[in-house]
Amino acid sequence: MTKWLHSGRRRDLCALLYDAGELRAQSLKSRLESHYDERIDPRSFYATLTSLVESGFLDRRTEGLADVYALTDAGERALLDHYAWLSDRIDGGSPDDLPVDGDDGDDGDAGDDSDDSDGGRPNLKD
Numbered sequence: 001m002t003k004w005l006h007s008g009r010r011r012d013l014c015a016l017l018y019d020a021g022e023l024r025a026q027s028l029k030s031r032l033e034s035h036y037d038e039r040i041d042p043r044s045f046y047a048t049l050t051s052l053v054e055s056g057f058l059d060r061r062t063e064g065l066a067d068v069y070a071l072t073d074a075g076e077r078a079l080l081d082h083y084a085w086l087s088d089r090i091d092g093g094s095p096d097d098l099p100v101d102g103d104d105g106d107d108g109d110a111g112d113d114s115d116d117s118d119g120g121r122p123n124l125k126d
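Counting from 1, one number per residue, gives the positions in the sequence shown under full-length UniProt numbering.
Okay, here's the thing in structure tokens:
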């Protein structure tokens, strides 16, 4: 896995661009702030965009006074590879390997009188 995927913000920016096709920087920043429900420092935001451009995952072009960003083929491949990896962890992994809130790791049923058809496992698909 490439280092750029270690940052959630980088992944989220790429996901927004995958969905939208291309966006002006300010629109991209607004959408990300809306998703995070908090303000993002402009210097940090633009540094992240620059890093993604320099790494070859985003294209940047100028349209009037605004910079417009789009995912490159390499960026799309990396995003889809990460999505596949994450999907395998969630969908492909054994549900018995997932912790349940309050689970101490003991597989015994002592004290559990419930008749849950799902075995008490969290529903991760909804």
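Ideal Cβ positions, reconstructed from N, Cα and C, are used throughout, including at glycine.
message = At the level of alpha carbons, what is the spacing between Ala70 and Asp37?
response = Indexing the sequence shown from 1 puts residue 70 at position 70. Indexing the sequence shown from 1 puts residue 37 at position 37. When rounded, the separation of the alpha-carbon atoms in Ala70 and Asp37 is 23 Å.
ask   = Residues bridged to Leu71 by DSSP?
value = Here the question's residue 71 lines up with position 71 in the sequence shown. Beta-bridge pairing links Leu71 to Leu58.
task = Locate the beta strand (DSSP E) running through Leu23, then write down its first and last residues.
result = Position 23 of the sequence shown holds residue 23. In the DSSP assignment, Leu23 falls within the unbroken beta strand (DSSP E) covering 22-24.
inquiry  = Please classify Ala66 as buried or exposed, where buried requires at least 16 neighbouring CB atoms within 10 angstroms.
reply    = Residue numbering aside, residue 66 sits at position 66 when the sequence shown is read from its first letter. Under this definition Ala66 is an exposed residue.
ask   = Any idea if Gly75 is buried or exposed, counting beta-carbon neighbours within 10 angstroms, 16 or more meaning buried?
value = Along the sequence shown, read from residue 1 onward, the residue named residue 75 stands at position 75. Around the CB of Gly75, 16 or more other CB atoms lie within 10 Å, so the residue is classed as buried.
key: Proximity of Arg39 and Glu33 at Cβ, strictly below 8 Å   = The residue given as residue 39 occupies position 39 in the sequence shown. The residue given as residue 33 occupies position 33 in the sequence shown. Between Arg39 and Glu33, the C-beta spacing is below 8 Å.
key: 8 Å contact criterion, which Val53 and Arg60 should meet: CB distance rounded   = By one-based count along the sequence shown, residue 53 stands at place 53. By one-based count along the sequence shown, residue 60 stands at place 60. Cβ atoms of Val53 and Arg60 come within 8 Å of each other, at about 5 Å.
query = Can you give the Cα-Cα distance for Phe45 and Lys29, rounded to whole angstroms?
reply = Stepping through the sequence shown from its first residue, residue 45 is reached at position 45. Stepping through the sequence shown from its first residue, residue 29 is reached at position 29. Lys29 has its alpha-carbon roughly 7 Å from the corresponding atom of Phe45.
task = Return helix, strand or coil for Ser7, following the three-state DSSP convention.
result = Against the sequence shown, residue 7 aligns to sequence position 7. Note: Ser7 maps to coil in three-state DSSP.
request  = Determine the direct distance from the alpha carbon of Leu79 to that of Asp19, and round the result to whole angstroms.
outcome  = The residue labelled residue 19 in the question sits at position 19 within the sequence shown. The residue labelled residue 79 in the question sits at position 79 within the sequence shown. Roughly 11 Å between the two C-alpha positions.
message = Buried or exposed for Thr48, going by 16 or more other Cβ atoms inside 10 Å?
response = Position 48 of the sequence shown, counting from 1, holds the residue named residue 48. For Thr48, the number of other beta carbons within 10 angstroms of its own is at least 16, and it is reported as buried.
Residues bridged to Ala66 (per DSSP) = Here residue 66 refers to the residue found at position 66 of the sequence shown. For Ala66, which the question treats as bridged, DSSP gives the partners Glu63.
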